[in-house]
Amino acid sequence: MPGPFYIRDAAASSHDAQFIIDAFDSTIPHLAAAGNAGQWGSELFSRNPGFGQAIRDAVAQSENFRDTGHGERVRILIAEIEDDATGTLGDGLARRVDELGKTYVSVGAVKLRDDHFASHILSPKNLKPHVAAANEAGSFVFLDVLVADYRVDQRRKGVGVALVNEVKQYAIEHGKNTIWVDCWTGGTGRLVGYYEDMGFKPVDSFEIPSRNNTMWQGKLFRMDLA
7 MPGPFYIRDA AASSHDAQFI IDAFDSTIPH LAAAGNAGQW GSELFSRNPG FGQAIRDAVA
67 QSENFRDTGH GERVRILIAE IEDDATGTLG DGLARRVDEL GKTYVSVGAV KLRDDHFASH
127 ILSPKNLKPH VAAANEAGSF VFLDVLVADY RVDQRRKGVG VALVNEVKQY AIEHGKNTIW
187 VDCWTGGTGR LVGYYEDMGF KPVDSFEIPS RNNTMWQGKL FRMDLA
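Residues 7 to 232 (our numbering) make up the sequence shown, in order.
Structural data, given as structure tokens:
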């Protein structure tokens, strides 16, 4: 079994932004092979103009919010696993060596929003009452992005649950009452069960235009902590 996972804040001065870009790209062939190409389409994220810069900006915003408590209220966390890199350097994976000489390879990332939703949640009319109630109550976290690097094969297993648990710990430590998340409901539909198994309760379905000029079918969930 893979693990344990070591979870840390993303750093603008490291290769973390490039790792996240590469991880997103790694999902495209995996989703297509699993019959879920409709989730994010068939084009690599890195080919989308502005995507790379948006990721780099988000990592910088996360670091600034962590250090100062000001600016865009986002946090990005990186999950790593200890790695024996012997004979594998040059495989393109994101590695770092700590002060004790141990090597870690990045396997997943999560982005959370502190007390605000991502823009795509604000547009569907049927979600507006839920958004308004959440904003009025305050004290919530929106789990915006959860991505694993499929290039690391079995070493990524369990990283999604580990990162969601870290978001839950963040929410508890910061006095939050609720975690919100959304997911795609098309294809095999397995994502719905994935989040329900972690304790999220479905709130409402919605649809928004996708980057493939089709309608993206989604569902909003919540997890109450108090």
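Virtual Cβ for every residue (Gly too), placed ideally from N, Cα, C.
Starting from R53 and walking both ways along the beta strand (DSSP E), at which residues does that stretch end?
-> That residue, R53, is in no beta strand (DSSP E); it is neither H nor E in DSSP.
Residue from I84, A38 and T109 with nearest C-alpha to V170 = I84
Buried or exposed: which applies to E142, given that a residue is buried once 16 or more other Cβ atoms fall within 10 Å of its Cβ?
-> Result: exposed.
With a Cβ-Cβ cutoff of 8 Å, do A177 and V165 count as a contact?
-> no
Thinking C-beta only, is R72 closer than 8 Å to D15?
-> yes
Cβ distance (whole Å) where I185 is taken to contact L226 below 8 Å = The pair is not a contact, with the Cβ atoms about 12 Å apart (cut-off 8 Å).
With a CB to CB cut of under 8 Å and the five nearest residues on each side skipped, what residues in its chain are close to D90?
-> T109
Give me the Cα-Cα distance between H122 and N132, rounded to the nearest whole angstrom.
-> Straight-line Cα distance between these residues: approximately 18 Å.
Can you name, in chain order, every residue of its own chain whose Cβ lies under 8 Å from the Cβ of D210, other than the five neighbours on each side?
-> N132, L133, H136, K225 and L226
Taking the Cβ atom as the reference point for each residue, do R101 and V111 lie within a distance shorter than 8 Å?
-> yes
Beta bridge counterpart(s) of R228 as assigned by DSSP = W186 and K207
Taking the Cβ atom as the reference point for each residue, do G41 and T191 lie within a distance shorter than 8 Å?
-> no
So what's G199 in DSSP terms, helix, strand or just coil?
-> helix
By the 10 Å Cβ neighbour count, where 16 or more other Cβ atoms means buried, how is T220 classified, buried or exposed?
-> exposed
Would the beta-carbon of A23 fall within 8 Å of that of V80?
-> 8 Å or more divides the Cβ of A23 from the Cβ of V80.
Near A140, what residues of its chain come up, given a Cβ to Cβ distance below 6 Å and the 5 sequence neighbours on each side ignored?
-> Only F146 meet the Cβ criterion.
With DSSP run on the structure shown, which of helix, strand or coil describes Q45?
-> coil
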